[in-house]
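Residue numbers (this note's numbering), protein chains in the order written: chain A, 116 to 220; chain B, 116 to 220. Glycine included, C-beta positions come from ideal geometry on N, C-alpha and C. Fair warning: this is a prediction, and the values are worked out from it, not measured in the lab. Scroll down for the structure; my scribbles are underneath it.
Number of protein chains: 2
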Amino acid sequence: MMKPAQVVMALAALAQPTRLAIYRLLVARGPDGLAAGQVAEKLKVSPATLSFHFKTLSHAGLLDSRQDGRFIYYAANFTVMNGMVAYLTENCCGGNPDACKPGNK
Amino acid sequence: MMKPAQVVMALAALAQPTRLAIYRLLVARGPDGLAAGQVAEKLKVSPATLSFHFKTLSHAGLLDSRQDGRFIYYAANFTVMNGMVAYLTENCCGGNPDACKPGNK
DNA sequence: TCCATTGTTAAACAATTATTAAAATGTCAG
DNA sequence: CTGACATTTTAATAATTGTTTAACAATGGA
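Here is the structure:
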């Protein structure tokens, strides 16, 4: 189970347009990830800004990174996001989760 | 489908300890919700601070409210959170979502 | 109507955050 | 070793955010 502070950190990391776009791009990419420069090119973000955001996302546990030569590959780590969602819906509706599912007004 | 700005707003609304606690309390409570004062008492938050956070959460679409006499009841609205989660996992792993599910390192 | 209760709003301040530019680190090819 | 490339770090600035206090509505019982 995640601690509240971890969940807040993950939510805060995603609550910024550039970082949300970075994360989504890497979610779509899957486990192989993308090099920092490829992300910068796709999203038109300056290297320094991107590095700052990578650090925020990594520190929140949302990204993994590995070095390959001169490149650093970043990939989404789904564990934290799954934990975040679980935390939010925990004990939903006092144990009667029907009311929380998609498809009810 | 939610727009990125809506998702960012919802994430930002939840990315704060007090608001996360408010939201979780109301998620657990379910559709009936709780009066503002009951939330204040449970979470030991001053009325003004609570009102500020209610506004942020409501503006993000995460809470519904209804007035009943002198009381205002707030309840979690699950539509936005479900949309938020859907947005985050959309096109996960390039259409091979096995890698995103809970239970993989 | 009067008054206590419930909740919101406004103003002010401290603290945090995003971005840029510049300098620094690390890595490989020749 | 040297030079070019990929990314990070630092420092500085502008903008946003959370909390408090005090004052302000709105509701309903006596």
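Short CB-CB distance (under 8 Å) between residue i and chain A
| i | result |
| --- | --- |
| A175 of chain B | no |
| Q121 of chain B | no |
| V154 of chain B | no |
| T204 of chain B | yes |
Residue i (DSSP reduced to helix, strand or coil)
| i | result |
| --- | --- |
| D147 of chain B | coil |
| S161 of chain B | coil |
| A128 of chain B | helix |
| L140 of chain A | helix |
| A175 of chain A | coil |
| N219 of chain A | Bear in mind that a pLDDT of 43 at N219 of chain A, under 50, signals an unreliable position, so the model cannot answer this. |
| R134 of chain A | helix |
7 Å Cβ cut-off: residues of chain A touching residue i
| i | result |
| --- | --- |
| A127 of chain B | A130 |
| L172 of chain B | Those within 7 Å of L172 of chain B in chain A number zero; the least Cβ separation is about 13 Å. |
Min CB distance residue i to chain B below 8 Å
| i | result |
| --- | --- |
| R86 of chain A | For chain A, the structure presents residues 116 to 220; residue 86 of chain A sits outside this window and is missing. |
| G184 of chain A | no |
| V160 of chain A | no |
| M196 of chain A | yes |
| L178 of chain A | no |
| L141 of chain A | no |
Residue i: contacting residues in chain A (beta-carbon distance under 8 Å)
| i | result |
| --- | --- |
| G148 of chain B | None at all; the shortest Cβ gap to chain A is about 11 Å. |
Residue environment, residue i, which counts as buried when at least 16 other CB atoms sit within 10 Å
| i | result |
| --- | --- |
| F186 of chain B | exposed |
| H174 of chain A | exposed |
| R144 of chain B | buried |
| K220 of chain B | With a pLDDT of 38 at K220 of chain B, under the threshold of 50, the modelled position of this residue cannot be trusted; read the value that follows with caution. By the neighbour-count rule (16 or more Cβ atoms within 10 Å), K220 of chain B is not buried but exposed. |
| R134 of chain A | buried |
Chain-ordered neighbours of residue i on chain B, where CB pairs are closer than 7 Å
| i | result |
| --- | --- |
| V200 of chain A | V200 |
| F169 of chain A | The premise fails here: F169 of chain A is roughly 18 Å from chain B at the closest Cβ pair, so nothing lies under 7 Å. |
Candidates the options: closest to residue i by CA position
| i | options | result |
| --- | --- | --- |
| Q225 of chain B | A:T133, A:A127, A:P132 | Here chain B comprises residues numbered 116 to 220, so residue 225 of chain B is not present and cannot be evaluated. |
| F169 of chain A | A:A151, A:P119, A:M116, A:T194 | A:A151 |
| A125 of chain A | A:G210, A:C208, A:C207, A:N197 | A:N197 |
| A136 of chain B | B:Y202, B:S180, B:V154 | B:V154 |
| L140 of chain B | B:C207, B:V123, B:N192 | B:N192 |
| Q121 of chain A | A:K159, A:D183, A:L172, A:G148 | A:L172 |
| L177 of chain A | A:V200, A:T164, A:E156 | A:V200 |
| D183 of chain A | A:G148, A:M116, A:R134 | A:G148 |
| M117 of chain B | B:C215, B:K159, B:T204 | B:T204 |
| N206 of chain A | B:V142, B:P119, B:Y202 | B:V142 |
| D213 of chain B | A:T194, A:N211, A:P212, A:P119 | A:T194 |
| N211 of chain B | A:Y138, A:L129, A:V123, A:P146 | A:P146 |
| Y188 of chain B | B:C208, B:C215, B:S166 | B:S166 |
| V123 of chain A | A:G209, A:Y202, A:K157 | A:Y202 |
| G209 of chain A | B:A190, B:K159, B:C215 | B:A190 |
Partners in chain B for residue i, counting only beta-carbon separations shorter than 9 Å
| i | result |
| --- | --- |
| L135 of chain A | P119, V122, V123, L126, Y202, L203 |
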